[in-house]
Every structure is written in C-alpha cells, then in structure tokens.
Amino acid sequence: MNRRLMMRSGMTAFFVSFAFQFAQAQFPASGTSAATQAGSALSIPQAQLIQPEVLNQLLRATGTEKPLVLQVGSHVLYAEAHIPGSEYAGPGSQQAGLEALKSRMTSVPRKDFIVIYCGCCPWNHCPNIAPAFTKLQEMGFTNVKVLYLADNFGTNWVGKGYPVERGR
Amino acid sequence: MRHFSPRRFALLYSLLGMLVGAGMTPMAFAASPLLHKRAPEFVRTDLNRKRMDLKTYRGKVVLLNFWATWCAPCQIEMPSFVAWQKKYGPRGLQVIGISMDDDPASARDLYRKLKLNYPVAMGDEKLGQLYGGIFGLPETFLIDRHGRVSAEYQGETDLKSIETQLQTLLPNHRKIGPHYR
Chain H
1 MNRRLMMRSG MTAFFVSFAF QFAQAQFPAS GTSAATQAGS ALSIPQAQLI QPEVLNQLLR
61 ATGTEKPLVL QVGSHVLYAE AHIPGSEYAG PGSQQAGLEA LKSRMTSVPR KDFIVIYCGC
121 CPWNHCPNIA PAFTKLQEMG FTNVKVLYLA DNFGTNWVGK GYPVERGR
Chain D
1 MRHFSPRRFA LLYSLLGMLV GAGMTPMAFA ASPLLHKRAP EFVRTDLNRK RMDLKTYRGK
61 VVLLNFWATW CAPCQIEMPS FVAWQKKYGP RGLQVIGISM DDDPASARDL YRKLKLNYPV
121 AMGDEKLGQL YGGIFGLPET FLIDRHGRVS AEYQGETDLK SIETQLQTLL PNHRKIGPHY
181 R
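One line per chain: the protein sequences are H and D, in this order.
FYI, the numbering for the first sequence is 1 to 168, going by my numbering.
FYI, the numbering for the second sequence is 1 to 181, going by my numbering.
Next comes the structure, spelled out in structure tokens:
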C-alpha cells in the first residue's frame, strides 16, 4: 500500500511539474500593467500568437491558405536569414519602418491572413513587433497573427531546423 | 533496506519533472559550431575611421560583442563592457563592438552616449554569417589569446558568468583555493 502511494504521488508530482514548466515556455507570461502597455510585445493578446512549429507546418502544407509573412525587425538580421517567402517591412520601432509597412499593406485586402514576426531579441524586449501589430490593426486588418519567438529567431526558428532564405 | 517516504519520492519526481519540462523549452541551447575553433578573421573600419583587424589582437583576450541600438538587453550590458575594458585592459583584454544597425548614425550616437572606450564597427549579414549566423541580439564571443573561440553567449546572459570566464583567459590568472595563493 505504501509503495503504491509512493508511486502515485511521485508520478503526479512529475507530471504536474513537467506540465507547468512546459506550458510556461509556450506562451509569454502575462505581465504587469507597466509591461503590457502599448509598445510592449506582452500587450499582444495570446489569441493572436502563432507558435513556430504551427507556422512551419502551415507553410509546408499543400492546399491550405498561406499567409503573407512579414518580418518587421532588423533588415540586417532579415538579410542573414528569414522565413522563406517572407518580405521585409520594418523596422516597427521606427516611424520610417511603420510607413514602409503601411505602404506595403495599403493595397492588401483587409481580411487576408497576415503573419508578422521579428525575433531580434527576447520577446518581452522586442521593440518592433507591438508597434507593427498596432499599425495593422489601425489599418483595419482583421486576420493578423504574430509569430511568438520567445528568445530570438535563431533559437526559436533556425535552431529548430525550420527552413530559411538569405538575402535582402 | 532503505525506505523512501512518499514525500521524498514526490519531491524527487517533482524535480525530475521540472528538469525535463525545462529542457524541452525554447531556452535549451545548441552547441556553437565555432566553439574551440579559430575565430573567423575580419577587417573593418571602425566608427572613428580606424582600421579594425581582428588578427592584430592575437595575444589578447577579445570580447567580441554584437549589438544594436534597438536592443534593450544590449544597452544593459554595454556599460559593464566599458568597465571591464578599463579594469582588464591593462591585463590584456580587448573589447570589440559590432553594431548590427542598418544606420551607422544611430550607432555613432549611442557610442557617444554610452562613452564606449573600445572600438566599434558596423556589421552586416556577411559578418553575421561568418560568425555562424547572428540571428538575435546580444551575442558575445570570448576569444582566447591564441585566437580560438572560448565561449559564446546568446541573448541575455548573466554578466558574472562572462566575467568569470574572461578572467580565466587572462594571463597570470591565479586560482584562489586551499593550495594556492
């Protein structure tokens, strides 16, 4: 009886701890009111986030709607490696970058499926993604997802073996 | 025969669960392809229009830091690099900054604002690819006196761990312990 109790309590503790740690890594923690203010990546609703593995599968699948993918961060980092087929439309942290994004998206139907990403630095420090997301919302786009890169593009996309292209 | 209480068993499995769960998170690091290999050589012109040739620093410990003005974690750590250049420079440390900004004007502004006391040059995708792909910032390499990459730090890093490692690379590093002084 004692051995059975030991096994049950041990396995329960194992799975609860595992689930907690794993779940924490999949989505950004909800921040304080200061952290979720406009301009912070933490202000983007979790329902608008898309995980790298999900986007990768979506882009590889045949017969499904493909999103227009835009990198809204650093042009140098984009040139080093970017998601195949994605376009550069940034940086979101600068007015000139937001104007470039607006100019690119002016003629795009507002219901089109759009994915934006950056990956310059850890999610909660990214200066580009939230302003770009806000700009698209202001323009009336209703189907925008944001690629959640917890650490950076290298760790969360390239390091996972997902495909990349190079060049400006 | 040793007896395990249910509490001890549960604690052990909790720890195991946390370790396994954490290991499957995006925070798991991959080994750098440059580690222990000769650091790729490059020649650039720094922001003060001086020639920057990595191989001329052979014999010194080089802290090569990739950063950008839009990178908040970069700006947090750079004052420490300024302090280390001052403290360890006489012992053979050379800090080198590579700005991955698109615009050198913004890099120059921050260079002056932070009063950087080490050379900074503009990077680009070519230099980034030479260093295994700089896909996120900050990224810092420690290069030993023989020109080999001793360590690589991706993203936000505990500065104490970088400082400890660079101290071991400097000449006349003395171990403090029960048998040494």
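Cβ coordinates follow ideal geometry from the N, Cα and C atoms, glycine included.
Contact under 9 Å by Cβ, residue i with residue j
{"i": "residue 97 of chain D", "j": "residue 62 of chain D", "result": "no"}
{"i": "residue 128 of chain H", "j": "residue 73 of chain H", "result": "yes"}
{"i": "residue 95 of chain H", "j": "residue 83 of chain H", "result": "no"}
{"i": "residue 42 of chain D", "j": "residue 34 of chain D", "result": "no"}
{"i": "residue 135 of chain D", "j": "residue 80 of chain H", "result": "yes"}
{"i": "residue 44 of chain H", "j": "residue 100 of chain H", "result": "no"}
{"i": "residue 114 of chain H", "j": "residue 160 of chain H", "result": "no"}
{"i": "residue 80 of chain D", "j": "residue 163 of chain D", "result": "yes"}
{"i": "residue 169 of chain H", "j": "residue 41 of chain H", "result": "Absent from the structure is residue 169 of chain H, since the part of chain H shown begins at 1 and ends at 168."}
{"i": "residue 166 of chain H", "j": "residue 125 of chain D", "result": "yes"}
When the options are compared against residue i, the one with the closest alpha-carbon
{"i": "residue 153 of chain D", "options": "D:85, D:82, D:137 and D:171", "result": "D:137"}
{"i": "residue 114 of chain D", "options": "D:130, D:159 and D:68", "result": "D:68"}
{"i": "residue 154 of chain H", "options": "D:158, D:131 and D:81", "result": "D:131"}
{"i": "residue 54 of chain H", "options": "H:142, H:149 and H:5", "result": "H:149"}
{"i": "residue 99 of chain D", "options": "D:51, D:74, D:36 and D:149", "result": "D:74"}
{"i": "residue 141 of chain H", "options": "H:104, H:98, H:112 and H:42", "result": "H:112"}
{"i": "residue 39 of chain D", "options": "D:57, D:48 and D:49", "result": "D:57"}
{"i": "residue 51 of chain H", "options": "H:167, H:119 and H:79", "result": "H:119"}
{"i": "residue 85 of chain D", "options": "D:46, D:95 and D:70", "result": "D:95"}
{"i": "residue 106 of chain H", "options": "H:143, H:45, H:65 and H:139", "result": "H:139"}
{"i": "residue 37 of chain D", "options": "D:150, D:72 and D:105", "result": "D:150"}
{"i": "residue 48 of chain H", "options": "H:62, H:151 and H:137", "result": "H:137"}
{"i": "residue 129 of chain D", "options": "H:39, H:78 and H:117", "result": "H:78"}
{"i": "residue 48 of chain D", "options": "D:159, D:65, D:76 and D:112", "result": "D:112"}
{"i": "residue 116 of chain H", "options": "H:69, H:143, H:92 and H:102", "result": "H:69"}
{"i": "residue 102 of chain D", "options": "D:71, D:88 and D:77", "result": "D:71"}
{"i": "residue 46 of chain D", "options": "D:106, D:118 and D:93", "result": "D:118"}
{"i": "residue 107 of chain D", "options": "D:66, D:88 and D:93", "result": "D:66"}
Bridge partner(s) assigned by DSSP for residue i
{"i": "residue 97 of chain D", "result": "D:65 and D:120"}
{"i": "residue 58 of chain D", "result": "D:60"}
{"i": "residue 149 of chain D", "result": "D:143"}
{"i": "residue 144 of chain H", "result": "H:114"}
{"i": "residue 46 of chain D", "result": "D:121"}
{"i": "residue 165 of chain H", "result": "H:82"}
{"i": "residue 50 of chain H", "result": "H:147"}
{"i": "residue 154 of chain D", "result": "D:139"}
{"i": "residue 53 of chain D", "result": "D:43"}
Inter-residue CB distance, residue i and residue j (contact presumed, cutoff 8 Å)
{"i": "residue 116 of chain D", "j": "residue 82 of chain D", "result": "6 Å"}
{"i": "residue 158 of chain H", "j": "residue 133 of chain D", "result": "6 Å"}
{"i": "residue 122 of chain H", "j": "residue 156 of chain D", "result": "6 Å"}
{"i": "residue 171 of chain D", "j": "residue 91 of chain D", "result": "7 Å"}
{"i": "residue 76 of chain H", "j": "residue 123 of chain D", "result": "7 Å"}
{"i": "residue 145 of chain D", "j": "residue 169 of chain D", "result": "7 Å"}
{"i": "residue 98 of chain H", "j": "residue 66 of chain H", "result": "About 25 Å separates the two Cβ atoms, so there is no contact after all."}
{"i": "residue 104 of chain H", "j": "residue 87 of chain H", "result": "7 Å"}
{"i": "residue 162 of chain H", "j": "residue 2 of chain H", "result": "In fact, because the Cβ distance is near 48 Å, the residues do not count as touching under 8 Å."}
{"i": "residue 64 of chain D", "j": "residue 143 of chain D", "result": "6 Å"}
Exercise. What residues in the region 103-136 of chain H have a beta carbon less than 8 Å from any beta carbon of chain D?
Worked result: 119, 120, 121, 122, 125, 127 and 128
For this session: Please name the residues in the region 131-151 of chain D whose beta-carbon is closer than 8 Å to at least one beta-carbon of chain H, in chain order.
Result: 133, 134, 135, 136, 137 and 138
Exercise. Going along the chain, which residues of the region 146-162 of chain H sit with their C-beta nearer than 9 Å to a C-beta in chain D?
Worked result: 149, 150, 151, 152, 153, 154, 155, 156, 157, 158, 159 and 160
Exercise. Mind listing which residues of the region 64-86 of chain D have their C-beta closer than 9 Å to chain H's C-betas, in chain order?
Worked result: 68, 70, 71, 72, 73 and 74
Problem set entry | chain D contacts from the region 72-92 of chain H (Cβ-Cβ distance under 9 Å) | 73, 74, 75, 76, 77, 78, 79, 80, 81 and 91
For this session: Report the residues of the region 96-130 of chain D with a CB closer than 8 Å to any CB of chain H, ordered along the chain.
Result: 100, 101, 102, 123, 124, 125, 128 and 129
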